Amino acid sequence: MTLINKVCSMTVDSAVLKNMRNLYVSYRHHENSFVLNFYNKKIQYMQDPQQNSIQETDSDVLQFSIDRATMLKYVLTHISFEKPHIESEEKHIVIDFSSPNIAKPFHVGHLRSTIIGNFIANINKFFNNKVTKINYLGDWGTQFGLLQYGLQAKNIDISKLKSNPIKCLYDTYVYANKLSATDAEVQNQARKYFSDIEQGQISLDKWKQIRELTVTELENVYQRLGIQFDDYHWESDYNGRAIKHMMDLLEQKNIIVTDDSGKKIAKVNNRNVTVLKSDNSTLYLSRDIAALLDRYRRYKFDKMLYVVDNAQTDHFAAVFEIVRQFDKECTEGCQHIKFGRIKGMSTRSGNVVFLNDILDEAKRKMYEKQQLSKNTRSSAMNEKTCDILGTTAVIVNDLKQRRQKDYVFDWDRALQSEGDSGIKLQYLHCRLWSLELNCGVSLPDACDPSCLPEEIIGDVVAELAKFEDILYRSHTDYEACIIVNYLFRLARYVNKMFNELKVKNVDPHVAAQRLLVYHSARIVVKTGLEILGVKPLKEM
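And the structure:
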């Protein structure tokens, strides 16, 4: 039951309001009351004989009027003095996100997966779920035969990789790829190398060392985004030898069959898809099938979420359908969380290649803006603050978009301190924190609505009252933009309140009550930012 449902249930049978969604709260100053509209297809008419009432306005809308004092007291007390409580049965949610290929650029598609996946993990934790975050790194396939060829051709050993493994591996892959474009023998050797290594004829020890170096560097980058994965998995964990038994079981059940060319194929939605090559080498599809079955055995998850772009829709449809034929229960909680692409993100040197490039560019641009701003505190003019502001800009600019839509990235718009941006939300949190620290009054022990008669107070509280329902919608739809746009609306009301109502140099009791409203707003902004994956700043 959400905060709003609890308020309503103080006077009305809670069964009527249970599981309500699509809530709209408005404040009517001239009526000294709040109006709640619930949009629902199955509503029974009820009339409360007391002061608060429910009435059915049409077949789909239930309207509830609550007197001003009751609403203010409950909302401000709930936010300021109680730990947020979301009633939700604990589930085990496994989320596969980020998942770059170690020999290819960490492109903006992986950035979106990283940001969206982290948000989904955070909001599931807020809903009391057990969350396991997996980074499934691509380190397998013919392209890694090319990479191994390049490492040998350039005589690169482990010691040379230690200083900058991701960049070195990428440069080596580009070098080998160029050679293969003009020399077919290079491609043949790469294929043979991969086939040999997959069938266990070559040791994986050196490759495992390369993987460890890669993870160490990746973790430094993820740390800047405040992300820590629970498990790192590798495509090579599901190589030909490792998954042979699993593929044999699929074949025994006639889920996969051998075609005339010797390939192992499966039927998915009346089309044939290749699961294994004719030499029994694995494909991305076969490795993902094996990984899903392994994860279900290992984690016994309730949900398995794959945060991967729209282009992989057919791939995951095939994975889920093939596994469903083998183990229906395994796929009941599986879902592909799709997202659109980012266009137009580049640095001074040209196209972005690695995540670090994006974050460094954001930090550099933010440092320049901070230097030019008259409002920048000298104590906040440091590299760490600019790094947090830069990542805030990138994260919020991404999450304010509808998840499945493509969008064009604009550095100036992302970093703006006016209008709807992550920087504006950080500035609001800093301003609210500074007010609490320097206003000279303490938070009251209880809410006194008689000291809060102003219209803007009602407007702010109406927005605060929506927060938990906003979280429910965002959690259900995996849409961060619901929270982001809510925070933008709340910020506009709170900034208006700053312009109209002071805390300093007014009656101490009135000041304390106003501080309670500002404090409640800060708690909501802080919680919202943290769920989005942003670290709230105290000064900037």
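Letter 380 of the sequence shown, counting from 1, is numbered 488 in our numbering, and no numbers are missing.
Where a beta carbon is used, it is the ideal one built from N, C-alpha and C, also for glycine.
Remember, it's a predicted structure, so these values are computed and weren't measured experimentally.
DSSP three-state call for residue i: helix, strand or coil?
| i | result |
| --- | --- |
| C442 | strand |
| K646 | coil |
| H423 | helix |
| D304 | helix |
| F227 | helix |
| G452 | coil |
| V282 | helix |
| D402 | helix |
| D345 | helix |
| I264 | coil |
| G498 | helix |
| V611 | coil |
| S271 | coil |
| T240 | strand |
| R136 | strand |
| A374 | strand |
| Q155 | Residue confidence for Q155 is low, a pLDDT of 37 falling below 50, so the modelled location carries little weight and cannot support an answer. |
| H583 | helix |
| A629 | helix |
| D313 | helix |
| D175 | strand |
| G566 | helix |
| L560 | coil |
| T390 | strand |
Quick one: using the 10 Å Cβ neighbour count with 16 as the cut-off for buried, is residue i buried or exposed?
| i | result |
| --- | --- |
| Q256 | buried |
| D506 | buried |
| E139 | exposed |
| G369 | The question names Gly, yet the displayed sequence has Ser at residue 369. Looking at its Cβ environment, which holds fewer than 16 other Cβ atoms inside 10 Å, S369 is exposed. |
| R630 | buried |
| H353 | exposed |
| E576 | buried |
| T290 | exposed |
| G636 | buried |
| G225 | buried |
| L545 | exposed |
| P208 | buried |
| A588 | buried |
| V632 | buried |
| K233 | exposed |
| D396 | buried |
| V415 | buried |
CB-CB under 6 Å to residue i, same chain, minus the five flanking residues each way: which ones, in chain order?
| i | result |
| --- | --- |
| Q152 | Low local confidence applies: a pLDDT of 39 at Q152 is under 50, so the model's placement there is unreliable, and no value is given. |
| I650 | The requested residue 650 is not part of the displayed model; the chain covers only 109 to 648. |
| W315 | none |
| Y301 | G253, Q256 |
| I503 | I223, G641, V642 |
| S196 | F235, N236 |
| P557 | A177, L180, K181 |
| A399 | Y346 |
Return the chain-ordered list of same chain residues with a C-beta closer than 7 Å to the C-beta of residue i, the five sequence neighbours on each side being excluded.
| i | result |
| --- | --- |
| C559 | H617, V618, Q621 |
| Q159 | The pLDDT assigned to Q159 is 47, lower than 50, so where the model puts this residue is not dependable, and the model offers no usable value. |
| K634 | H537, P644 |
| D410 | K199, H200, I201, G441 |
| Y535 | S525, M648 |
| R332 | L467, D495, T499 |
How about residue i and residue j: do their beta carbons lie closer than 8 Å?
| i | j | result |
| --- | --- | --- |
| L413 | D204 | yes |
| S386 | I351 | no |
| A374 | I430 | yes |
| G448 | D518 | no |
| V569 | L640 | no |
| S389 | E306 | yes |
| G566 | Y135 | yes |
| F424 | I363 | no |
| L551 | L624 | yes |
| A211 | Y283 | no |
| A298 | S311 | no |
| T421 | F428 | no |
| K574 | Y601 | no |
| L219 | L463 | yes |
| K508 | C494 | no |
| V143 | S173 | yes |
| E562 | L609 | yes |
| D338 | K268 | no |
Residues in its own chain within less than 8 Å of residue i by CB, not counting five upstream and five downstream?
| i | result |
| --- | --- |
| Q524 | I531, K532 |
Determine whether the Cβ of residue i lies closer than 8 Å to any Cβ atom of chain B.
| i | result |
| --- | --- |
| A374 | In the structure shown, chain B cannot be found, because there is only a single protein chain. |
* Tell me, please, whether the segment 354-374 touches the segment 476-491 by the rule of three or more beta-carbon pairs shorter than 8 Å. => no
Between the segment 498-506 and the segment 466-477, do at least 3 Cβ pairs fall closer than 8 Å?
yes
Check: Per the contact definition of three or more C-beta pairs closer than 8 Å, is the segment 324-339 in contact with the segment 239-254?
Finding: Inter-segment contact for the segment 239-254 and the segment 324-339 is present: three or more beta-carbon pairs are separated by less than 8 Å.
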